[in-house]
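A.B. asks:
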Amino acid sequence: MAKASKLTIKQEKFCNKYLECGNASEAYRYAYDCSKMSDNSVWCNASQLLADTKVAQRLEYLKNHLAEAAGITALQIIREHQKIAFSDATRIRNGWMSLKEFESLTDDEKACIRSVETKQTKRTTPMGDEVIDEQVKITCYDKQKALDSIVSMLGYNAPEKIANTDSKGNDIPQPTFNVERLFQLIQEGKNNE
């Protein structure tokens, strides 16, 4: 496996940036001085760098160890999906709620929230006092997608049947390849010429 010491500093910078952004040209511009290069030259050089065996091996190594380096485990991913999939819909709802209700949500419940909007409304009490109400609008992550991810990660999904079927689901017989018949047809074609 290629180690960082086998790459130049610029090649290593390229690899790290490429993993971060997924764009070879951007990674090349980050690692090398491209002030006098055309976009096409940058693209060509970045492509050549990606094709370099040492660079390709280093990228593969970094990709394989990215989760480990970031300290991410499959269990952590499943737990995050679990928060979404099994959240209490009576406490978390899409739409508006008071700020007090929002602040009372647990960290696990807040982890289910995709986006938050706030608004303030002014109203006057019967006594003439002006009161400002703060409300929070939340949008939650999709519970079904979270469940599907968990099922997939744990291997609970049924294997997919890959076969040719008709509209009623009946298997369609697959054509077989008969070598003798093929040679017979070739011979007949030659005889007809």
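In short: position in the sequence shown from 1, add 241, done, that's the working numbering. Even for Gly, the Cβ is constructed at its ideal location relative to N, Cα and C.
1) Which residues share a DSSP beta bridge with valine 357?
2) What is the DSSP secondary structure of lysine 363, reduced to helix, strand or coil?
3) What number of angstroms, rounded off, separates the C-alpha of glutamine 252 from the C-alpha of threonine 314?
4) Starting from cysteine 436 and walking both ways along the alpha helix (DSSP H), at which residues does that stretch end?
5) At a cut of 8 Å, does the segment 350 to 363 reach the segment 377 to 391 through at least three beta carbon pairs?
6) Rounded to the nearest angstrom, what separates methionine 278 and tyrosine 269 at their Cα positions?
7) Return the CA-CA distance between glutamate 201 and leucine 290, expressed in angstroms with no decimal places.
8) Roughly how many angstroms separate the alpha carbons of arginine 299 and serine 288, rounded to a whole number?
9) For valine 283, which beta-bridge partners are listed by DSSP?
10) Judging by CA-CA distance, which residue of Arg320, Glu344, Tyr273 and Glu301 is the nearest neighbour of valine 392?
11) Grab me the residues of asparagine 433's own chain with a C-beta within less than 8 Å of its C-beta, minus the 5 sequence neighbours each way, in chain order.
12) Contact check, threonine 359 vs glutamate 371 under 8 Å by CB: the rounded distance?
13) If you draw a straight line from the C-alpha of leucine 395 to the C-alpha of leucine 388, how long is it?
C.D. replies: Here's the rundown:
1) As a working mapping, residue 357 is identified with position 116 in the sequence shown. Beta-bridge pairing links valine 357 to Ile379.
2) Against the sequence shown, residue 363 aligns to sequence position 122. Residue state, collapsed to three classes: strand.
3) Reading the sequence shown from its first residue, position 11 is the one you call residue 252. Reading the sequence shown from its first residue, position 73 is the one you call residue 314. The straight-line gap from Cα to Cα measures roughly 28 Å.
4) The question about residue 436 has no answer, for the chain in this structure spans 242 to 434.
5) yes
6) As a first step, residue 278 is located in the sequence shown; it is residue number 37 there, counting from the start. As a first step, residue 269 is located in the sequence shown; it is residue number 28 there, counting from the start. Using only the alpha carbons, I get a separation of about 11 Å.
7) Outside the shown range of the chain (242 to 434) lies residue 201, about which nothing can therefore be said.
8) Locating residue 299 in the sequence shown gives position 58, where the first residue counts as 1. Locating residue 288 in the sequence shown gives position 47, where the first residue counts as 1. Looking at the two C-alpha atoms, the distance is approximately 15 Å.
9) Here the question's residue 283 lines up with position 42 in the sequence shown. Paired residues: none, contrary to the question.
10) Here residue 392 refers to the residue found at position 151 when the sequence shown is read from its first residue. When only C-alpha atoms are compared, the closest one is Arg320.
11) The residue labelled residue 433 in the question sits at position 192 within the sequence shown. If we look at asparagine 433 and ignore the five residues flanking it on each side, it has no Cβ neighbours.
12) Sequence index remark: in the sequence shown, residue 359 carries index 118 (1-based). Sequence index remark: in the sequence shown, residue 371 carries index 130 (1-based). In fact, because the Cβ distance is near 19 Å, the residues do not count as touching under 8 Å.
13) In the sequence shown, residue 395 corresponds to position 154, counting from 1. In the sequence shown, residue 388 corresponds to position 147, counting from 1. Each residue's alpha carbon lies about 11 Å from the other.
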